[in-house]
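In this text, residue positions in the sequence shown follow our numbering: the first is 31, and each later residue adds one.
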Amino acid sequence: MTIFFLLLFCFGLVVLAAYGLSWRMNRLNSLRSHSIVAVQGVEARYPNLPLQQYGIASRLNSSSGRVQVLFPKLTERGDVEYLFSWHYIRDVTPVDPDAMPLDAFRRDSTLHTACEVLPVIRDHLEFEQDALHLNEQLRRLDRLADLVATSSFYGDQVEIYERAIAEVDTALLKARDLHKLYVRLVREALIGVQIAGYDPSNIRSDRLTFELEHQRLREEYRHLKDLTAAYTDLMLGDRADLDAHPAASNPNSEDETSPNFPPDETQDDR
């Protein structure tokens with residue numbers, strides 16, 4: 031009889047473990063498919079977040095059951111800063127505005143703003159990675175141009191590399207302009223939601239301007255991605271040389287916060 035109850039107890043533990051694993055995997059899959067998440071208790075940990083509990087699930091760790099969430103914030107100087115914070119999956123809930131009653135969604139001005147600004151931030155982060163890649167391509171082109179200039183066999187190709195360098199420089203100038211525009215959009219949205227918190231009548235009734243500017247950003251971002259891919263193809267023929275010089279490590283690997291994005295400046299160390 032004792033053995034029977036022991037086996038029954040072990041079976042119950044296995045069932046509970048399987049249920050817990052299934053729940054965790056379902057929650058992780060749900061978080062992957064949603065642009066916005068809500069984190070329980072985050073305001074006690076980080077007070078004065080403009081979007082309160084709303085953020086973006088940026089990384090998922092299935093083994094530890096934790097989620098890294100991005101929260102945008104403003105510094106005392108008004109600079110935009112992205113805060114990356116780890117939370118247990120039980121505290122992170124995917125948010126689907128389309129499933130909410132329309133009246134409830136309209137009353138939640140913070141969620142309304144989050145639905146606007148968080149996709150812009152996601153685009154901004156992807157764009158920053160492409161800009162870093164383009165910077166790396168420029169360094170590689172510079173190095174190859176220097177090598178070609180010293181060669182008696184390939185010296186006639188210097189002009190080709192110089193033209194490529196000029197094109198990448200032009201693309202990087204556009205990237206700096208896009209970076210400033212992304213930061214301005216995010217900054218204005220975060221300021222707007224805080225103003226609305228004191229006076230709901232200040233919430234913008236016409237969102238068309240914001241949407242049009244975001245659409246223009248996406249189009250220019252896609253153009254920059256195509257340009258990056260073109261210069262990647264240019265470098266494929268020199269892979270053996272490049273493999274001997276590994277790219278710089280990712281500066282955003284485990285940082286708690288991103289570098290500040292001043293409202294009217296571009297980072298100098300792009």
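Ideal Cβ positions, reconstructed from N, Cα and C, are used throughout, including at glycine.
Per-residue burial, residue i [other beta carbons within 10 Å of its own, 16 or more giving buried]
{"i": "GLN83", "result": "buried"}
{"i": "GLY222", "result": "buried"}
{"i": "PHE157", "result": "buried"}
{"i": "ARG170", "result": "buried"}
{"i": "GLN167", "result": "buried"}
{"i": "GLU146", "result": "buried"}
{"i": "LEU132", "result": "exposed"}
{"i": "ILE119", "result": "buried"}
{"i": "PRO80", "result": "buried"}
{"i": "ALA201", "result": "buried"}
{"i": "LEU203", "result": "exposed"}
{"i": "LEU242", "result": "exposed"}
{"i": "TYR76", "result": "exposed"}
{"i": "ALA129", "result": "exposed"}
Residues near residue i in its chain [Cβ-Cβ closer than 6 Å; skip 5 each side]
{"i": "VAL350", "result": "Nothing in the structure corresponds to residue 350, since the chain is present only between 31 and 300."}
{"i": "GLN70", "result": "ASP121"}
{"i": "THR123", "result": "ALA68"}
{"i": "SER115", "result": "VAL99"}
Sheet register partners of residue i (DSSP bridge)
{"i": "TYR112", "result": "PRO102"}
{"i": "TYR76", "result": "BP columns for TYR76 are empty, so no partner."}
{"i": "ARG107", "result": "In the DSSP output, where bridge partners are listed per residue, ARG107 has none listed."}
{"i": "VAL97", "result": "LEU90 and HIS117"}
Host alpha helix (DSSP H) of residue i (start-end)
{"i": "ARG89", "result": "Run containing ARG89: none in the alpha helix (DSSP H); it sits in the beta strand (DSSP E), 84-91."}
{"i": "LEU132", "result": "132-137"}
Beta strand (DSSP E) segment containing residue i, residue limits
{"i": "ALA68", "result": "66-69"}
{"i": "PRO124", "result": "122-125"}
Contacts around residue i, its chain only, beta-carbon distance under 8 Å, and the 5 residues preceding and following it disregarded
{"i": "VAL150", "result": "TYR212, LEU215, VAL216, ALA219, HIS244 and LEU247"}
Same chain only: Cβ atoms within 7 Å of residue i, ignoring 5 sequence neighbours per side
{"i": "MET205", "result": "A small fix is needed here, since residue 205 is Ala in this sequence, not Met. Excluding sequence neighbours, ALA205 sits near ALA161, LEU164 and LEU254."}
{"i": "GLY85", "result": "VAL67, VAL69, VAL99, LEU100 and PHE101"}
{"i": "LEU257", "result": "ALA201"}
{"i": "TYR184", "result": "VAL178"}
{"i": "ASP153", "result": "LEU247, ARG248 and TYR251"}
Unbroken stretches of the beta strand (DSSP E), 3 residues or longer, contained in the stretch 147-202: none
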